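Asker: Numbering (my numbering), first residue to last: 16 to 317.
Just dropping this structure here.
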């Protein structure tokens with residue numbers, strides 16, 4: 016009996032034997048996409064330190080300085096390194112504060128949507144039966160709707176704002192997490208240590224908390240990382256369509272939209288924030304791919 020208790024109490028350790036079956040190559044850290052890592056680190060630092068490092072207020076208007084080109088272009092000024100928009104607002108400062116908006120939306124939406132998906136996936140996969148059937152029908156129904164369409168409808172219904180976008184994206188992503196987590200739970204639930212825990216009289220709550228959750232966290236962390244880029248794109252799309260962050264708060268999608276009518280004469284208005292979106296999303300996706308392979312090679316199918 017003592018040996019049984021010892022094995023049950025070491026549930027997490029007993030499941031991590033799979034990691035030894037698939038050891039991480041020593042060169043994995045060397046293959047870390049350092050360019051992506053640097054881009055992510057710069058974005059986070061810029062977002063956190065925006066009030067300290069932004070050369071100008073993102074909402075400060077200066078009509079005499081409107082549509083100034085970047086400093087390296089003819090007619091540009093070192094006072095506005097990336098130029099100004101149609102109202103004379105500094106593009107670099109707005110880019111910094113736009114990064115802050117994107118990061119806040121991503122953090123809130125992923126914590127909420129990921130948390131809901133984690134709980135639903137664990138409960139559905141572990142309990143099975145009618146509970147699993149009901150929850151998976153809800154997941155299927157949610158995933159049926161086109162992503163941008165449902166986000167746009169929610170944003171329009173609730174009104175523009177940071178909270179609205181966070182809610183809309185949360186509704187979009189929780190089902191993605193729930194489906195993948197459920198699959199992991201089904202695999203973990205079939206393991207011997209879970210059966211031993213049941214025989215030993217452990218409650219369902221204890222089994223889920225002690226034996227199931229720790230063994231799906233790797234997959235959950237990979238999903239979080241891979242969805243950051245998705246959330247940033249959705250937020251930028253909503254702002255581009257006018258259903259996101261209301262002016263004058265800067266948002267990368269809104270900045271791209273504002274520059275559409277001046278793309279021929281003032282290309283930097285759309286190209287600069289568009290390039291920022293592309294680089295950041297690509298960086299998070301590459302980093303997520305590396306993290307998936309580093310945590311467990313078996314997760315390459317996630």
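Where is the CB? At the ideal position from N, CA and C, for every residue including glycine.
Keep in mind that this is a model prediction, so the values were computed, not measured.
Report the CB separation of residue 209 from residue 188 in whole angstroms; it is logged as a contact under 8 Å.
Answerer: For the purposes of this step, residue 209 is taken as residue 194 along the chain shown, with counting starting at 1. For the purposes of this step, residue 188 is taken as residue 173 along the chain shown, with counting starting at 1. About 28 Å; that fails the 8 Å criterion.
Asker: Does the Cβ of residue 174 have 16 or more other Cβ atoms within 10 Å, making it buried, or fewer, making it exposed?
Answerer: The residue labelled residue 174 in the question sits at position 159 within the chain shown. Exposed: under 16 other Cβ atoms inside 10 Å.
Asker: Check this for me: beta carbons of residue 103 and residue 265, under 8 Å apart or not?
Answerer: Here residue 103 refers to the residue found at position 88 of the chain shown. Here residue 265 refers to the residue found at position 250 of the chain shown. For residue 103 and residue 265, no; Cβs fall outside 8 Å.
Asker: Which residues in the same chain as residue 251 place their Cβ atom closer than 6 Å to its Cβ, once the five residues preceding and following it in sequence are excluded?
Answerer: Stepping through the chain shown from its first residue, residue 251 is reached at position 236. Excluding sequence neighbours, residue 251 sits near 267, 268 and 292.
Asker: Here's the rule: buried if 16 or more other CB atoms are within 10 angstroms of the residue's CB, otherwise exposed. What is residue 275?
Answerer: Working through the chain shown from its first residue, we reach residue 275 at position 260. So residue 275 ends up on the exposed side.
Asker: What separation, rounded to the nearest whole angstrom, lies between the Cα atoms of residue 299 and residue 215?
Answerer: Along the chain shown, read from residue 1 onward, the residue named residue 299 stands at position 284. Along the chain shown, read from residue 1 onward, the residue named residue 215 stands at position 200. Between residue 299 and residue 215, the C-alpha separation is close to 43 Å.
Asker: Below 7 Å CB to CB, which residues in the same chain sit around residue 133 once its five sequence neighbours on both sides are set aside?
Answerer: Residue numbering aside, residue 133 sits at position 118 when the chain shown is read from its first letter. Closer than 7 Å at Cβ, skipping near neighbours: 192, 196 and 235.
Asker: Using only the alpha-carbon positions, how far apart do residue 220 and residue 120 sit?
Answerer: Counting from 1 along the chain shown, the entry for residue 220 is found at position 205. Counting from 1 along the chain shown, the entry for residue 120 is found at position 105. Looking at the two C-alpha atoms, the distance is approximately 32 Å.
Asker: What residues in its chain sit with their C-beta under 6 Å from that of residue 124, if we drop five residues either side in the sequence?
Answerer: Along the chain shown, read from residue 1 onward, the residue named residue 124 stands at position 109. Closer than 6 Å at Cβ, skipping near neighbours: 181, 184, 185 and 246.
Asker: With 16 other CB atoms within 10 Å as the buried threshold, where does residue 75 fall?
Answerer: By 1-based counting over the chain shown, the position of residue 75 is 60. Result: exposed.
Asker: Tell me the residue span of the alpha helix (DSSP H) that contains residue 143.
Answerer: Translated into positions along the chain shown, residue 143 becomes position 128. Careful: residue 143 lies outside any alpha helix (DSSP H) and carries neither H nor E.
Asker: By the three-class DSSP mapping on this structure, what secondary structure does residue 95 have?
Answerer: Position 80 of the chain shown, counted from the first residue, corresponds to residue 95. Under the three-state reduction of DSSP, residue 95 is assigned to strand.
Asker: Three or more C-beta pairs under 8 Å: does that hold for the region 296 to 310 against the region 237 to 244?
Answerer: Output reads yes: the region 237 to 244 touches the region 296 to 310.
Asker: As a quick exercise: from 110, 79, 78 and 70, pick the residue whose alpha carbon is nearest that of residue 93.
Answerer: If you number the chain shown from 1, residue 93 lands on position 78. It is 70 whose Cα lies nearest to the Cα of residue 93.
Asker: Can you have a look at residue 164 and say buried or exposed, based on whether 16 or more other CB atoms are within 10 angstroms of its CB?
Answerer: Position 149 of the chain shown, counting from 1, holds the residue named residue 164. Exposed is the call here.
Asker: Would you check whether the ligand NAP has a heavy atom nearer than 7 Å to the C-beta of residue 297?
Answerer: The ligand content of the structure shown is nil, which means the ligand NAP is not present either.
Asker: Looking only at DSSP bridge pairs, what is residue 100 linked to?
Answerer: As a working mapping, residue 100 is identified with position 85 in the chain shown. Paired residues: none, contrary to the question.
Asker: Grab me the residues of residue 109's own chain with a C-beta within less than 7 Å of its C-beta, minus the 5 sequence neighbours each way, in chain order.
Answerer: Sequence index remark: in the chain shown, residue 109 carries index 94 (1-based). If we look at residue 109 and ignore the five residues flanking it on each side, its Cβ neighbours are 73, 265 and 270.
Asker: Of all the alpha helix (DSSP H) runs that stay within the bounds of the region 188 to 249, which reach a length of 4 or more residues?
Answerer: 207 to 214
Asker: Counting only the same chain and skipping the five closest in sequence on each side, list residues whose C-beta sits under 8 Å from that of residue 130.
Answerer: Position 115 of the chain shown, counting from 1, holds the residue named residue 130. Closer than 8 Å at Cβ, skipping near neighbours: no residue.
Asker: Can you tell me where the alpha helix (DSSP H) holding residue 163 begins and where it ends?
Answerer: Indexing the chain shown from 1 puts residue 163 at position 148. It spans 162 to 173 - the alpha helix (DSSP H) in which residue 163 sits, taken as one unbroken run.
Asker: In the DSSP assignment, find the unbroken alpha helix (DSSP H) run with residue 307 in it and report its ends.
Answerer: Here residue 307 refers to the residue found at position 292 when the chain shown is read from its first residue. Looking at the DSSP string, the run of the alpha helix (DSSP H) that includes residue 307 is 283 to 310.
Asker: Go ahead and label residue 115 buried or exposed: buried means 16 or more other beta carbons lie within 10 angstroms of its beta carbon, across all protein chains shown.
Answerer: Residue mapping note: residue 115 aligns to position 100 of the chain shown, counting from 1. The residue in question, residue 115, is buried, as its Cβ has 16 or more Cβ neighbours within 10 Å.
Asker: How many Å lie between residue 52 and residue 204 at the Cα?
Answerer: If you number the chain shown from 1, residue 52 lands on position 37. If you number the chain shown from 1, residue 204 lands on position 189. Each residue's Cα considered, the two are about 35 Å apart.
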